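Participant:
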Amino acid sequence: MFGVISAVNISDGIRGPYHIEFFTLKPNSLFLPVLLYADMEPAIGAYSSIRNLVRGFDKMTLKQAFKVPDEVIESITSATDGEAIVHAISTKIEKKDKKEKKEKKEKKKKSSIIMWEMEARFLKAFLGGKEESYNKKKKSELYNLFDEEPDFENCNGWSLTVNPKRAVDVLHGTNVGLFMVNLTKGSMMGPHWNPKATEIAIVLQGQGMVRVVCPSRPNKSKQECKNMRLRVKEGDVFSVPRFHPMAQISFNNDSLVFMGFTTTREENHPQFLAGKQSVLQTLDIDILALSFNVSNTTVRQLLAPQADSKILDCTSCAEEEERIMEEEIEKEKAEEEERKREKEKEERRKREEEEREREEEERKRREEEERKREEEEKRRQEEEERKRREEEEERKREEEEARKREEEEREREREEEERRQEEERQRQEEEEEREREREEEEARQREEERERERQQEEEEGGGGGGGEKKVQLEMWTV
Numbered sequence: 006m007f008g009v010i011s012a013v014n015i016s017d018g019i020r021g022p023y024h025i026e027f028f029t030l031k032p033n034s035l036f037l038p039v040l041l042y043a044d045m046e047p048a049i050g051a052y053s054s055i056r057n058l059v060r061g062f063d064k065m066t067l068k069q070a071f072k073v074p075d076e077v078i079e080s081i082t083s084a085t086d087g088e089a090i091v092h093a094i095s096t097k098i099e100k101k102d103k104k105e106k107k108e109k110k111e112k113k114k115k116s117s118i119i120m121w122e123m124e125a126r127f128l129k130a131f132l133g134g135k136e137e138s139y140n141k142k143k144k145s146e147l148y149n150l151f152d153e154e155p156d157f158e159n160c161n162g163w164s165l166t167v168n169p170k171r172a173v174d175v176l177h178g179t180n181v182g183l184f185m186v187n188l189t190k191g192s193m194m195g196p197h198w199n200p201k202a203t204e205i206a207i208v209l210q211g212q213g214m215v216r217v218v219c220p221s222r223p224n225k226s227k228q229e230c231k232n233m234r235l236r237v238k239e240g241d242v243f244s245v246p247r248f249h250p251m252a253q254i255s256f257n258n259d260s261l262v263f264m265g266f267t268t269t270r271e272e273n274h275p276q277f278l279a280g281k282q283s284v285l286q287t288l289d290i291d292i293l294a295l296s297f298n299v300s301n302t303t304v305r306q307l308l309a310p311q312a313d314s315k316i317l318d319c320t321s322c323a324e325e326e327e328r329i330m331e332e333e334i335e336k337e338k339a340e341e342e343e344r345k346r347e348k349e350k351e352e353r354r355k356r357e358e359e360e361r362e363r364e365e366e367e368r369k370r371r372e373e374e375e376r377k378r379e380e381e382e383k384r385r386q387e388e389e390e391r392k393r394r395e396e397e398e399e400r401k402r403e404e405e406e407a408r409k410r411e412e413e414e415r416e417r418e419r420e421e422e423e424r425r426q427e428e429e430r431q432r433q434e435e436e437e438e439r440e441r442e443r444e445e446e447e448a449r450q451r452e453e454e455r456e457r458e459r460q461q462e463e464e465e466g467g468g469g470g471g472g473e474k475k476v477q478l479e480m481w482t483v
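This is the structure in structure tokens:
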């Protein structure tokens with residue numbers, strides 16, 4: 006690992022999130038060339054690698070654009086993707102001066118200068134070339150495209166752009182530009198992109214194919230960037246966003262003429278992938294080789310045969326694009342049908358799963374209800390048993406209390422009877438005691454009476470009747 010690329014999304018709460026990327030490179034590392042987008046649209050990301058810009062086109066289009074053998078194009082398109090940050094390499098000038106310059110400081114200084122020069126050339130190429138001189142025209146209210154000389158013309162067709170320098174009166178106060186392209190049979194406007202504007206075009210004559218390449222890999226955002234092939238005919242309108250590589254191709258049996266507008270009045274210098282003005286020509290071969298993950302020889306073969314042309318001969322390219330498009334349409338239909346079948350299968354599986362879940366839930370619900378009924382029945386039985394036990398205990402308690410009351414009553418009656426008997430006994434004893442005392446008192450009184458009578462008799466009769474009185478006294482004593 007020679008470096009790290011990290012990112013963060015920051016929102017100001019007004020316009021939405023800002024996507025900020027951070028690049029950390031270790032010593033002697035190189036971040037491979039990319040095309041940086043000023044707008045940083047979420048559908049295409051912040052930048053695109055060179056290999057994605059080139060590989061977006063099919064092999065036949067690339068072969069006709071670069072004029073190279075099939076094996077070179079095959080090497081470019083079939084190479085695996087490398088890392089975005091790699092170990093730094095020496096440039097061609099450094100390699101030539103390596104034997105002569107031995108000091109490490111001078112080598113680093115020379116490498117730094119070359120890298121800065123290369124970066125300046127690269128940025129200059131992507132931001133647009135120098136202004137071209139156009140034929141001056143007197144001011145007029147009307148402007149006719151066919152009165153101007155084409156910007157570029159060869160046997161394969163011509164192209165013309167109109168900006169405020171050419172049509173001051175017409176475009177004054179507007180923010181649009183005009184363009185027109187005429188492709189002869191079996192021709193192609195070479196792969197290119199617009200660094201400043203979006204193109205909106207209408208086909209005036211003929212028919213052809215338009216190839217639009219997504220400049221970077223689709224990201225995880227909701228908006229999806231996809232490569233497109235469009236078959237256009239007279240009256241069709243098509244649009245190509247800014248920074249999206251494209252190529253317009255005519256069929257072998259018909260020409261293709263279209264014109265349109267760009268979303269800026271400024272000079273919009275298209276950046277071509279092929280030709281001597283290709284942006285690839287501004288980069289070092291070693292860096293290109295690393296970007297495409299191919300050998301230096303393959304890159305030299307790719308760049309060597311390029312001619313200074315923008316509109317190229319491309320026999321049967323449109324037919325090939327149409328064939329691929331139809332295959333892709335059929336493939337998409339098949340995939341869509343497969344997705345539909347898979348979706349139906351998934352929906353059926355979900356329905357079955359939901360049905361099983363419903364049945365399982367119903368079973369669980371019934372089991373739960375049965376369990377609740379059993380628990381309720383158990384609680385009811387337990388409650389009845391508890392009530393029965395309580396009633397039994399209450400009955401026993403009442404019986405015990407009744408028994409205790411009876412025992413207490415019997416005890417009370419017994420005690421009362423004993424008390425009554427005791428009282429009766431005591432009463433009898435008292436009566437007997439009183440009777441005894443009464444009898445004793447009566448006996449004493451009688452004795453006293455007899456004693457008084459005896460004394461009285463003794464006093465009256467003297468001693469003659471003493472024997473009889475003694476007998477009576479003894480009788481009373483008994």
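Per the numbering used here: the sequence shown ends with 483, consecutive numbering throughout.
Virtual Cβ for every residue (Gly too), placed ideally from N, Cα, C.
Remember, it's a predicted structure, so these values are computed and weren't measured experimentally.
#1: DSSP state of T85, grouped into three classes?
#2: Tell me whether L307 sits in a helix, a strand or coil according to DSSP, three-state version.
#3: Thinking V3 and H249 are a contact (beta carbons under 8 Å), I'd like their distance in whole angstroms, please.
#4: Taking 8 Å as the limit between beta carbons, can you name the residues of its chain near L30, skipping five residues before and five after?
#5: Is A279 near G195, with beta carbons less than 8 Å apart?
#6: Taking just the CA atoms, how far does E418 sit from R393?
#7: Can you tell me whether D318 is helix, strand or coil according to DSSP?
#8: Could you check what DSSP says for P38 in three-state terms: helix, strand or coil?
#9: Please report the distance separating the alpha-carbon of R60 from that of L235.
#10: Considering only DSSP beta bridges, list what K238 is partnered with.
#11: Distance, Cα to Cα, G466 vs R457?
#12: Skipping 5 residues on each side, what residues in its chain have a beta carbon closer than 8 Å to that of V262?
#13: DSSP three-state call for L165: helix, strand or coil?
#14: Tell me which same chain residues have a C-beta within less than 7 Å of the C-beta of P38, skipping the five on either side of it?
#15: When the Cα atoms are used, what is the spatial distance from G134 to S283?
#16: Drop a sphere of 10 angstroms on the beta-carbon of F277, count the other beta-carbons inside from all chains shown, and report buried for 16 or more, exposed for fewer.
#17: Which residue wins for smallest C-alpha separation from M193, given the options K231, E446, D259?
#18: Is C319 buried or exposed, if buried means 16 or more other CB atoms sit within 10 Å of its CB?
#19: Per the DSSP calculation, H197 is bridged to which residue(s)?
#20: CA-CA distance, E445 and E414?
#21: Whole angstroms is fine: what's the gap from S321's alpha carbon to R356's?
#22: Whole angstroms is fine: what's the gap from S34's alpha carbon to V304's?
#23: Whose CA, out of L308, C219, T66, F266, lies closest to the CA of A202?
#24: Near R353, what residues of its chain come up, given a Cβ to Cβ distance below 8 Å and the 5 sequence neighbours on each side ignored?
#25: Less than 8 Å between the CB atoms is what I'm expecting for A323 and I254, so what's the real figure, rounded?
#26: Please tell me whether, using a cut-off of 7 Å, the distance from the CB of W198 to the nearest non-hydrogen atom of the ligand ADP is below it.
#27: Using three-state DSSP, classify V218 as helix, strand or coil.
#28: List the residues that DSSP assigns as beta-bridge partners of G182.
#29: Anyone know if the C-beta pair for T484 and A252 falls short of 8 Å?
#30: Less than 8 Å between the C-beta atoms of I316 and N199, yes or no?
#31: State the CB to CB distance for the pair V77 and Q286, rounded to an integer number of angstroms; the pair is presumed to be in contact (CB under 8 Å).
#32: What are the start and end residues of each continuous beta strand (DSSP E) run of 3 or more residues lying completely inside the region 391-454, in chain order?
#33: When the distance is taken between beta carbons, is K190 closer than 8 Å to N257?
#34: From the DSSP output, which residues share a beta bridge with L30?
Facilitator: This is what the structure gives:
#1: By 1-based counting over the sequence shown, the position of residue 85 is 80. Reduced to three states, the DSSP call for T85 is coil.
#2: Counting from one through the sequence shown, the residue named residue 307 turns up at place 302. Collapsing the DSSP output to three states places L307 in a helix.
#3: This structure leaves residue 3 out entirely; the chain is present only between 6 and 483.
#4: If you number the sequence shown from 1, residue 30 lands on position 25. For L30, where only same-chain residues beyond five positions count, the Cβ hits under 8 Å are F7, G8, F36, I90.
#5: Here residue 279 refers to the residue found at position 274 when the sequence shown is read from its first residue. Here residue 195 refers to the residue found at position 190 when the sequence shown is read from its first residue. Contact flag set, yes.
#6: In the sequence shown, residue 393 corresponds to position 388, counting from 1. In the sequence shown, residue 418 corresponds to position 413, counting from 1. Computed Cα separation, rounded: 36 Å.
#7: Taking the sequence shown and counting its residues from 1, one reaches residue 318 at position 313. Strand.
#8: On the sequence shown, position 33 is the one that residue 38 refers to. P38 sits in coil when the DSSP states are folded into three classes, being neither helix nor strand.
#9: For the purposes of this step, residue 60 is taken as the residue at position 55 of the sequence shown. For the purposes of this step, residue 235 is taken as the residue at position 230 of the sequence shown. Their Cα atoms are separated by approximately 18 Å.
#10: Taking the first residue of the sequence shown as 1, we reach residue 238 at position 233. Looking at the DSSP assignment, K238 forms a beta bridge with Q212.
#11: The residue labelled residue 466 in the question sits at position 461 within the sequence shown. The residue labelled residue 457 in the question sits at position 452 within the sequence shown. Computed Cα separation, rounded: 14 Å.
#12: As a working note, residue 262 is residue 257 in the sequence shown. Cβ within range, chain order: M185, V186, N187, L188, V208, L209, Q210, G211.
#13: Locating residue 165 in the sequence shown gives position 160, counting from the first residue. Reduced to three states, the DSSP call for L165 is strand.
#14: Taking the sequence shown and counting its residues from 1, the one referred to as residue 38 is at position 33. Correct list, in chain order: I55, F127, L288, I292, S296.
#15: The sequence position of residue 134 within the sequence shown is 129, counting from 1. The sequence position of residue 283 within the sequence shown is 278, counting from 1. Its pLDDT being 45, under 50, G134 is placed unreliably in this model, and the coordinates cannot settle the point.
#16: As a first step, residue 277 is located in the sequence shown; it is residue number 272 there, counting from the start. Buried, by the Cβ-count rule.
#17: Translated into the one-based positions of the sequence shown, residue 193 becomes position 188. Nearest C-alpha to M193: D259.
#18: Against the sequence shown, residue 319 aligns to sequence position 314. Classification for C319: buried.
#19: Within the sequence shown, the letter at position 192 stands for residue 197. Looking at the DSSP assignment, H197 forms a beta bridge with M251, F277.
#20: Taking the first residue of the sequence shown as 1, we reach residue 445 at position 440. Taking the first residue of the sequence shown as 1, we reach residue 414 at position 409. If you take the alpha carbons of E445 and E414, they lie about 43 Å apart.
#21: Within the sequence shown, numbered from 1, the residue matching residue 321 stands at position 316. Within the sequence shown, numbered from 1, the residue matching residue 356 stands at position 351. Those two C-alpha atoms are separated by around 50 Å.
#22: The residue given as residue 34 occupies position 29 in the sequence shown. The residue given as residue 304 occupies position 299 in the sequence shown. For S34 and V304, the gap between their C-alpha atoms comes out near 21 Å.
#23: In the sequence shown, the residue the question calls residue 202 occupies position 197. Measuring from the Cα of A202, the nearest candidate turns out to be F266.
#24: Within the sequence shown, the letter at position 348 stands for residue 353. There are no such residues.
#25: For the purposes of this step, residue 323 is taken as the residue at position 318 of the sequence shown. For the purposes of this step, residue 254 is taken as the residue at position 249 of the sequence shown. Sure, about 4 Å apart at Cβ, within 8 Å.
#26: Looking for the ligand ADP in the displayed structure turns up nothing, as the structure carries no ligands at all.
#27: Within the sequence shown, numbered from 1, the residue matching residue 218 stands at position 213. Coil at V218, not helix or strand.
#28: Residue mapping note: residue 182 aligns to position 177 of the sequence shown, counting from 1. Answer by DSSP bridge pairing, in chain order: T267.
#29: No statement about residue 484 is possible, as the shown extent of the chain runs from 6 to 483 and does not include it.
#30: Locating residue 316 in the sequence shown gives position 311, counting from the first residue. Locating residue 199 in the sequence shown gives position 194, counting from the first residue. No; because the gap between Cβ atoms is not below 8 Å, this pair is not in contact.
#31: Position 72 of the sequence shown, counting from 1, holds the residue named residue 77. Position 281 of the sequence shown, counting from 1, holds the residue named residue 286. So it is not a contact: roughly 16 Å between Cβ atoms.
#32: none
#33: As a first step, residue 257 is located in the sequence shown; it is residue number 252 there, counting from the start. As a first step, residue 190 is located in the sequence shown; it is residue number 185 there, counting from the start. Taking 8 Å as the Cβ cut-off, N257 and K190 qualify as a contacting pair.
#34: To locate residue 30, count along the sequence shown from 1; it is residue 25. L30 pairs with G8.
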